[in-house]
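Q: Starting off with a structure, shown below.
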Ligand SMILES: Nc1nc2c(ncn2[C@@H]2O[C@H](COP(=O)(O)OP(=O)(O)OP(=O)(O)O)[C@@H](O)[C@H]2O)c(=O)[nH]1
Ligand SMILES: [Mg+2]
């Protein structure tokens, strides 16, 4: 995968049409959200389709009851977790007990159950009623925070909104440079601070700049951290406080960026983060890099936060507003659909 080779300080895609002068970027390729979910879930759907088709070839003409455990084993491979996979197995058992079914019939039933397990309506970003909407972006090291901010910048710029970015990762060398390149590409303004400076001060100045310049959106980057690093979690609370001092109900969103390729274990490492940092939603990044897209179910169960966006590639246009139905369709989409 190309993203294993690139340095995080080098945004990978050529300028996507935005300009530093403030013209909104050009329209993205017309993939639509379903197209984006297909792109992000391709590895998972290839695996699911292939395995379920193989199951049908092997078990042709047999009653459903005889191969339910094979179905369970396939579902488990997507990282959806044992509980949900059992639920789907039992649902299929009840629906098709003692029968021979068609492949599409089975897939429709599994999709419906998957959708109900996701247990979430589409949830969009909470926007400020007046003044700029402030979005704080947090997460563990390398989860995809800065890239997701570039994607959010493009997402809002395409709506004609004025965007200010705050380079709150003053810790990692080149983090400011990385965000500056993205800001230029996406036609967003950027507020930076000195290396190793106080990130709360950058957040303060970014919000002040957004207010002064009449910006619609202010997105603030932060350095990667673990919720076990007490001083760094205190630092996040300080960032929250300085933002709230300027705008009473800000930050309007605190988005936790999770790396979908980290698997269930990696993701459970980030559990606890959401409470400690007062997160309001999840960005599930790097969905395109895994065949375990089913991990979204344990994420929903563990974090009790809505998934708001999904990252499906390294480019700034590779962001989809989370939509449970499109997600499930993408999960089971075939190569020719
Ligand atoms: N394939 C793919 N790669 C992604 C996605 N999002 C981010 N990446 C890549 O993941 C790597 C890390 O991304 P960053 O955005 O720098 O992550 P970060 O959380 O800001 O990292 P730190 O600031 O070091 O904590 C980069 O190489 C990105 O190009 C995605 O949705 N899909
Ligand atoms: Mg970063």
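Residue numbers (our numbering): 13 to 349. Every residue, glycine too, gets a C-beta built ideally from N, C-alpha and C.
Runs of 4 residues minimum, wholly inside the stretch 70–94: which ones carry the alpha helix (DSSP H) assignment?
A: Counting only runs of 4 or more, we get 80–88.
Q: Leaving aside the five residues before and after residue 82 along the sequence, list all residues of the same chain whose C-beta is less than 6 Å from its C-beta, in chain order.
A: Position 70 of the chain shown, counted from the first residue, corresponds to residue 82. Same-chain partners within the cutoff: 67.
Q: Which complete beta strand (DSSP E) runs does the stretch 115–142 hold, if anything under 3 residues is left out?
A: Listed in chain order, nothing qualifies, since the stretch 115–142 has no complete beta strand (DSSP E) run of 3 or more residues.
Q: Would you mind listing the alpha helix (DSSP H) stretches within the stretch 250–303 that are 4+ residues and don't spill past its ends, in chain order?
A: Runs of the alpha helix (DSSP H) inside the stretch 250–303: 275–281, 285–288.
Q: Report buried or exposed for residue 73, applying the criterion of at least 16 other Cβ atoms within 10 angstroms of its Cβ.
A: Within the chain shown, residue 73 is the residue found at index 61, counting from 1. Label assigned to residue 73: exposed.
Q: What do you reckon, are the CB atoms on residue 309 and residue 294 nearer than 8 Å?
A: On the chain shown, residue 309 is found 297 positions in, with the first residue counted as 1. On the chain shown, residue 294 is found 282 positions in, with the first residue counted as 1. For residue 309 and residue 294, no; Cβs fall outside 8 Å.
Q: Taking only three categories from DSSP, how would you classify residue 102?
A: By one-based count along the chain shown, residue 102 stands at place 90. Helix at residue 102.
Q: Tell me, please, whether the stretch 221–235 touches the stretch 167–178 by the rule of three or more beta-carbon pairs shorter than 8 Å.
A: Contact between the stretch 221–235 and the stretch 167–178 is present, because at least three Cβ pairs lie under 8 Å.
Q: Starting from residue 321, trace the beta strand (DSSP E) both ways and give me its first and last residue.
A: The count along the chain shown starts at 1 and reaches residue 321 at position 309. Looking at the DSSP string, the run of the beta strand (DSSP E) that includes residue 321 is 319–323.
Q: Grouping DSSP H, G and I as helix and E and B as strand, with all else coil, what is residue 176?
A: Locating residue 176 in the chain shown gives position 164, where the first residue counts as 1. Strand, per DSSP.
Q: With distances taken between CB atoms, is the gap from residue 266 to residue 148 smaller than 8 Å?
A: Sequence index remark: in the chain shown, residue 266 carries index 254 (1-based). Sequence index remark: in the chain shown, residue 148 carries index 136 (1-based). Closer than 8 Å, so yes.
Q: Would you mind stating whether residue 299 and residue 286 have Cβ atoms separated by less than 8 Å?
A: For this step, residue 299 is matched to residue 287 along the chain shown. For this step, residue 286 is matched to residue 274 along the chain shown. Not in contact: residue 299 and residue 286 (Cβ atoms no closer than 8 Å).
Q: Determine the DSSP secondary structure at residue 53, reduced to helix, strand or coil.
A: Start at 1 with the first residue of the chain shown, and residue 53 comes out as number 41. Coil, per DSSP.
Q: Taking the continuous beta strand (DSSP E) assigned at residue 201, which residues delimit it?
A: On the chain shown, residue 201 is found 189 positions in, with the first residue counted as 1. Run containing residue 201: 201–203, per the beta strand (DSSP E) assignment.
Q: Look at the alpha carbon of residue 232 and the alpha carbon of residue 92, and state the distance between them as a whole number of angstroms.
A: Within the chain shown, numbered from 1, the residue matching residue 232 stands at position 220. Within the chain shown, numbered from 1, the residue matching residue 92 stands at position 80. In a straight line, the C-alpha of residue 232 is about 31 Å away from that of residue 92.
Q: From the DSSP output, which residues share a beta bridge with residue 145?
A: On the chain shown, residue 145 is found 133 positions in, with the first residue counted as 1. In DSSP, residue 145 forms a bridge with 229.
Q: Helix, strand or coil for residue 150, going by three-state DSSP, please let me know.
A: Here the question's residue 150 lines up with position 138 in the chain shown. In this structure, residue 150 counts as strand in the three-state DSSP scheme.
Q: Could you check the C-alpha separation between residue 263 and residue 151 for me, to the nearest Å?
A: The residue given as residue 263 occupies position 251 in the chain shown. The residue given as residue 151 occupies position 139 in the chain shown. The straight-line gap from Cα to Cα measures roughly 16 Å.
Q: Exposed or buried, what is residue 203 when buried is set at 16 or more other beta-carbons lying within 10 Å of its beta-carbon?
A: The residue given as residue 203 occupies position 191 in the chain shown. It counts as buried.
Q: Using the Cα positions of residue 154 and residue 272, report the straight-line distance between them to the nearest angstrom.
A: On the chain shown, position 142 is the one that residue 154 refers to. On the chain shown, position 260 is the one that residue 272 refers to. Looking at the two C-alpha atoms, the distance is approximately 12 Å.
Q: Is it the case that the CB of residue 163 approaches a heavy atom of ligand 2 more closely than 7 Å?
A: Numbered from 1 along the chain shown, position 151 holds the residue referred to as residue 163. Outside the cutoff, so no.
Q: Closer than 7 Å: is that where the CB of residue 269 sits relative to any heavy atom of ligand 1?
A: The residue you call residue 269 lines up with position 257 of the chain shown. Yes - ligand 1 has a heavy atom lying nearer than 7 Å to the Cβ of residue 269.
Q: For residue 266, verify whether its CB is less than 7 Å away from any heavy atom of ligand 1.
A: Position 254 of the chain shown holds residue 266. No, since every heavy atom of ligand 1 falls outside the 7 Å radius drawn around the Cβ of residue 266.
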